[in-house]
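Peer 1:
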Amino acid sequence: MGIARAHQMSVRFLSTTRAKRLLFIWGSLTPIMLYFLIFSVLPIFAALYISLHKWPLLGRAKPFVGLDNYISVINDPRFWISLKNTLYYAAAYMFLVIILGLAMALLVSSLHPTARSVFRPLFFAPQVTSAVAVALMFSWLYQPQWGVLNYLLRFIGLGPFMWLQSSKQVMPAIIITGVWEAVGYSMVIYTAGLTNIPTDLKEAGAVDGATSGQVFWHIVLPLLQPTTLFMFVTSMIGGLQVFTEVWLMSGGGPGTASRVLVLEIYDQGFRYFEMGRASSIAFYLFLLIAVIAYLQIRYLREQFEF
Amino acid sequence: MVIGRALFRVLLAAIRYGLALLIAFVMILPFLWMLGTSFKPIDETVRFPPTFIPEHPVGLANYVTVMTRVPFARYFANSTVTAIAVTTGALLTSALAGYIFAKFTFTGRDLLFFLIVATMMVPFQVVLIPIFLMARALGLYNTLWALIVPGLVSAWGIFLMRQNMKHLPSELLDAARIDGSSEMGIFLFVVLPLVKPALAALGIFAFMANWNSFLWPLIVIEDAPKRTLPLGLALFSSGFGITRWNLVMAATVLTCLPVLVVFAIAQRSFIEGITLGSVKG
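Going line by line, the protein sequences match chains A and B. For reference, each letter of the first sequence is one residue, going 1 to 306 in the working numbering. For reference, each letter of the second sequence is one residue, going 1001 to 1281 in the working numbering.
1. How is A:Phe-64 classed by DSSP in three states: helix, strand or coil?
2. Once you ignore the five residues that flank B:Lys-1280 on each side, which residues in its own chain have a CB closer than 7 Å to its CB?
3. What three-state label does DSSP hand B:Glu-1183 in the structure shown?
4. In chain A, which residues lie less than 7 Å from B:Glu-1183 when you measure between Cβ atoms?
5. Anything in chain A within Cβ reach of B:Thr-1065, meaning under 7 Å, just list it in chain order.
6. By the criterion of Cβ-Cβ separation under 8 Å, what are the contact partners of A:Thr-17 in chain B?
7. Against chain A, does B:Thr-1045 count as a neighbour if the rule is that its beta carbon must be under 9 Å from one of theirs?
8. Can you list, in chain order, the residues of the stretch 113 to 124 of chain A whose Cβ is nearer than 8 Å to any Cβ on chain B?
9. Nearest-angstrom Cα distance between A:Glu-245 and A:Tyr-89?
10. Just tell me which of A:Val-41, A:Phe-45, A:Leu-164, A:Asn-69 has its CA closest to the CA of A:Lys-54.
11. For the stretch 1056 to 1065 of chain B against the stretch 1185 to 1194 of chain B, are there 3 or more C-beta pairs whose distance is under 8 Å?
12. Between B:Ala-1077 and chain A, is any beta-carbon pair separated by less than 9 Å?
13. Check A:Glu-181 in the structure and name its three-state DSSP category.
14. Name the residue from A:Leu-52, A:Gly-238, A:Trp-26, A:Ser-117 whose alpha carbon lies nearest to the alpha carbon of B:Gln-1267.
15. Is it the case that the Cβ atoms of A:Ala-257 and A:Met-171 are separated by a distance below 9 Å?
16. Flag B:Arg-1127 as yes if its beta-carbon sits less than 9 Å from any beta-carbon of chain A, otherwise no.
17. Residues bridged to A:Pro-56 by DSSP?
18. In three-state DSSP terms, what is A:Gly-251?
19. Determine the chain B residues that contact A:Pro-56 at a beta-carbon separation under 9 Å, and present them in chain order.
20. Between the alpha carbons of A:Leu-29 and A:Leu-22, how many angstroms are there, rounded?
21. Do you know whose CA, among B:Val-1086, B:Ala-1224, B:Gly-1203, B:Pro-1217, lies nearest B:Leu-1276's CA?
22. Return the chain-ordered ranges of every alpha helix (DSSP H) run that is complete within the stretch 1203 to 1281 of chain B and spans a minimum of 4 residues.
23. Output, in chain order, the set of chain B residues within a Cβ distance shorter than 8 Å of A:Gln-214.
24. Drop a sphere of 10 angstroms on the beta-carbon of A:Leu-149, count the other beta-carbons inside from all chains shown, and report buried for 16 or more, exposed for fewer.
25. Going by Cα to Cα distance, which pick from B:Ala-1073, B:Leu-1215, B:Val-1081, B:Val-1058 is closest to B:Phe-1039?
26. Using 8 Å for Cβ pairs, my map puts B:Ala-1200 next to B:Gly-1273. What's the rounded Cβ distance?
Pasting the structure below:
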């Protein structure tokens, strides 16, 4: 009798905590997920819908045009120029950010701790500076007649360069700006990767008679692979979305020499108000990023097994 | 032999420090050039060879001109208000949803979480136009609300918090339950204090991303008094800046100084936060 009663009570207790728990779960999650659906999921499908229509911002008629936007974008030589420049930027940016970030991480960790605590924040400072400010600083730095960069390069026998005003140099100039901004971040990520490598592994290599170069190539670098994959993915995705620097420093010029995909989206959408066309370009960009993101998902699955 | 080795070591150290100083010079040059120019009279900016330290400094005259022509204090306030609002909102929703995804089992959990991870892969440029149209339809266009509302729930934030809460000991939460704490109480007073580093990381990340964002404010803000700092700076410079670099650089100093000062004071937590935010995310 007593046992049955106790059992009954504990069932009731369990079911009320269970109800409370469910109330907590859905009471909290429902508004958040609704918000998420409205501002993150719905817009993706809306973008797809818009891209299948001729959708002038101010026009009343928004007829369905099927894949017309996608096709006419492909037939536009400006799209291919933007695509080429975007890939050029992303690849160079990714490569330099990774190589220089790793080199700087190795260099800084080999310094005396006091020097380390001076150099590391210094190298990281551009990362906390807004891209607009960086773009303006570099525009002035690159100024062909009065800018300090041409003046300094003269001492080592280089230049003068036209930088942003030359269709050959404008992309490298913008890439340098982007790398300058992001390399401190890469350094910090690699530093974290380096500190995660157990020292006894390196010591074991040294004891076995490996030179420090061999230890680096055969022990350190393979162990940094997750870090490198992370940097590859984030810097590629970031590079493919370059906009602020281009908009401010060159406006896509001279001519079309530095036009990039996001600038194309911006111009189609907010200068010519062709929302359908702009959305179709955005989906081409998405396609590019999806390839990279696929790698990222695989990486995240491996790391966090969800 | 011994002397040779010692010499080699000193030489190596010299190369390392020389290299570090060279990189430091490259990293600091644009800042110095900006700062120097902001104190120059206009005729000194168009001179060759250029000067680093102004020969005829004009004191704060350029700053005064910028401040009187452009409401920079207003831009600063707009940036601060929107960044704080978005950061607070995103922290709250990310922590709560992340906790639920990490520590509870319920029907539909994995599907919902997969949806969140999937949207993380979609670049902002894809949803830019629909969110712009939504902002217009909701009457948010050209208001600071447009900068706040779309950012209050962050897929990336939920993901980050979930990863950091997954390994919290469930026994601890059950103990609190037996002690009679409500579920909300457990979340607020047991869980949140345990994930402070992750919250700080997400907070710094979200704040910086909002403080520096450019494309979205450029599209959704029209009136000058509603501009954020980056937008205000960009439109000020593209307006008449090209010929007045001393004014543009003064405005640029005004824009990046606040964050750089905060960074100089709290650089350790900045760097730690960003490391945590990235490697775990």
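Positions of the beta carbon are idealized from the N, C-alpha and C atoms, including for glycine. This one's a predicted model, so the numbers in the text were calculated from it and none came from an experiment.
Peer 2: Judging by the given coordinates:
1. Looking at A:Phe-64 - three-state DSSP - the assignment turns out to be strand.
2. Confidence at B:Lys-1280 is low in this model, with a pLDDT of 44, below 50, so the placement of that residue is unreliable and no value is reported for it.
3. When DSSP states are grouped into helix, strand and coil, B:Glu-1183 belongs to the helix group.
4. Neighbours of B:Glu-1183 on chain A, chain order: Lys-20, Arg-21, Phe-24.
5. Within 7 Å Cβ-Cβ: nothing; B:Thr-1065 doesn't reach chain A, min ~17 Å.
6. By Cβ distance, chain B contributes Arg-1177.
7. Judged by the 9 Å Cβ criterion, B:Thr-1045 is in contact with chain A.
8. Within the stretch 113 to 124 of chain A, Ala-115, Phe-119, Arg-120, Pro-121, Leu-122, Phe-123, Phe-124 place their CB atoms closer than 8 Å to a CB of chain B, listed in sequence order.
9. A:Glu-245 and A:Tyr-89: Cα-Cα distance of roughly 12 Å.
10. Residue A:Asn-69 is the option with its Cα nearest to A:Lys-54.
11. For the pair of segments examined, the stretch 1056 to 1065 of chain B was found not to touch the stretch 1185 to 1194 of chain B: the number of CB pairs separated by less than 8 Å stays below three.
12. No - not a single Cβ of chain A is within 9 Å of the one on B:Ala-1077.
13. The answer is helix: DSSP assigns A:Glu-181 an H, G or I state.
14. Looking at the Cα atoms, A:Ser-117 is the closest of the given residues.
15. Result yes, Cβ atoms of A:Ala-257 and A:Met-171 sit closer than 9 Å.
16. Before going further, note that residue 1127 of chain B is Val rather than Arg in the sequence given. Nearest CB-CB separation between B:Val-1127 and chain A: below the 9 Å threshold.
17. Beta-bridge pairing by DSSP links A:Pro-56 to A:Glu-274.
18. Secondary structure of A:Gly-251 (DSSP, three-state): coil.
19. In chain order: nothing, as chain B lies at least about 12 Å away.
20. Here the C-alpha atom of A:Leu-29 lies approximately 10 Å from the C-alpha atom of A:Leu-22.
21. The residue from B:Val-1086, B:Ala-1224, B:Gly-1203, B:Pro-1217 with its alpha-carbon nearest to that of B:Leu-1276 is B:Gly-1203.
22. Segments of the alpha helix (DSSP H) lying fully in the stretch 1203 to 1281 of chain B: 1215 to 1220, 1229 to 1240, 1245 to 1279.
23. For the C-beta of A:Gln-214, not a single chain B residue is nearer than 8 Å; the gap to the nearest is close to 17 Å.
24. Classification for A:Leu-149: buried.
25. Checked all of B:Ala-1073, B:Leu-1215, B:Val-1081, B:Val-1058; the closest Cα to B:Phe-1039 is B:Val-1058.
26. Rounded, the Cβ-Cβ distance is 5 Å, consistent with contact.
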